[in-house]
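One structure is given here, and the rest of the page talks about it.
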Amino acid sequence: MARPGKRAFLPLHNGRANKNPERPVKKRRILENASGELPADAYPCAQTARERDTSAQESAPVAIPLAQANSAVRCVPGTRAIQTTSVCLKNRAARVRVGKGDKPLTYEQALPPHYIAHRKGWLSQHTSNLDGEGGAAERTIEDVFVRRFISGTFHGCLANELVIKRRGNLLVICALLLQKLPPHKFYFLIGYTETLLSHFCKCPVKMEVQTLQEKAVYKYL
Numbered sequence: 001m002a003r004p005g006k007r008a009f010l011p012l013h014n015g016r017a018n019k020n021p022e023r024p025v026k027k028r029r030i031l032e033n034a035s036g037e038l039p040a041d042a043y044p045c046a047q048t049a050r051e052r053d054t055s056a057q058e059s060a061p062v063a064i065p066l067a068q069a070n071s072a073v074r075c076v077p078g079t080r081a082i083q084t085t086s087v088c089l090k091n092r093a094a095r096v097r098v099g100k101g102d103k104p105l106t107y108e109q110a111l112p113p114h115y116i117a118h119r120k121g122w123l124s125q126h127t128s129n130l131d132g133e134g135g136a137a138e139r140t141i142e143d144v145f146v147r148r149f150i151s152g153t154f155h156g157c158l159a160n161e162l163v164i165k166r167r168g169n170l171l172v173i174c175a176l177l178l179q180k181l182p183p184h185k186f187y188f189l190i191g192y193t194e195t196l197l198s199h200f201c202k203c204p205v206k207m208e209v210q211t212l213q214e215k216a217v218y219k220y221l
């Protein structure tokens, strides 16, 4: 027991007493009475259950009316700002992986997807992508089917990606083909493609074809 008029410190939770009086104690600091005795509430474990319930009720939060709470809260006025930087949400799903510098890329492949509408256009042009228009999912499935069909029909002859345009009920397919086949075979395959796709898509299909001697390489990656 400490002498009268001196400070006494409760032991810490690990059982060791605080030896440095100048250092603040983490738990609780209690002053002794003039007689040198500790107060009754020095040890919470010695309190009865009724006393603990009474103290818990006294320390319970008091309900405040909503209007009074709103008036007490200090509202920070909103601010407006202009964003002058480019959008940071970049789509990287369809980008070409970096190679060793020997991978030839076309202009379409060299530009990442976030350059669409900035440095290159869309490969599928139709009004279903507009806000409030329906049928976007159906047009996407048709585009995938058309691209796979033409890729298999003109196998190894595609110089670049297809551009699919919808003008009303007309489906226009723009393609760049390599001159790997004789002209009469190209004419046959173009008519074959237009006829079959017209039956599959239930609409008139037209192909606009341009032939190249070799691929136009934009850069190597």
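Under the UniProt record's numbering, the first residue of the sequence shown carries the number 1, and numbering increases by one thereafter. Just so you know, even glycine gets a beta-carbon here, dropped at the ideal spot from N, CA and C.
Between the C-alpha atoms of Lys219 and Glu108 there is a straight-line separation of about 11 Å.
Here Ala175 is buried, its C-beta having at least 16 other C-beta atoms within 10 Å.
DSSP places Ile150 in the uninterrupted alpha helix (DSSP H) bounded by Ala136 to Thr153. In this chain, the beta strand (DSSP E) harbouring Ile164 covers Val163 to Arg167. As the crow flies, the alpha-carbon of Pro182 is around 38 Å from that of His114. By the 16-neighbour rule on beta-carbons within 10 angstroms, Glu142 is buried. Within the same chain, and ignoring the five residues on either side of Val205 in sequence, the residues whose Cβ sits closer than 6 Å to its Cβ are Leu171, Glu194, Leu197 and Ser198. Following the DSSP letters along the chain, one finds Leu177 inside the beta strand (DSSP E) bounded by residues Leu170 to Leu178. Rounded to the nearest angstrom, the gap between the Cα atoms of Gly132 and Gln179 is 43 Å. Lys103 and Leu221 have their C-alpha atoms some 5 Å from each other. In the displayed model, Tyr192 falls within a helix according to three-state DSSP. Among the bridge pairs identified by DSSP, Gln125 is matched with Lys165.
By the Cβ neighbour-count rule, His155 is exposed, with fewer than 16 other Cβ atoms within 10 Å of its own. Residue pairing by DSSP places Glu208 opposite Cys174 in a beta bridge. The three-state reading of DSSP puts Lys120 in strand, counting E and B together.
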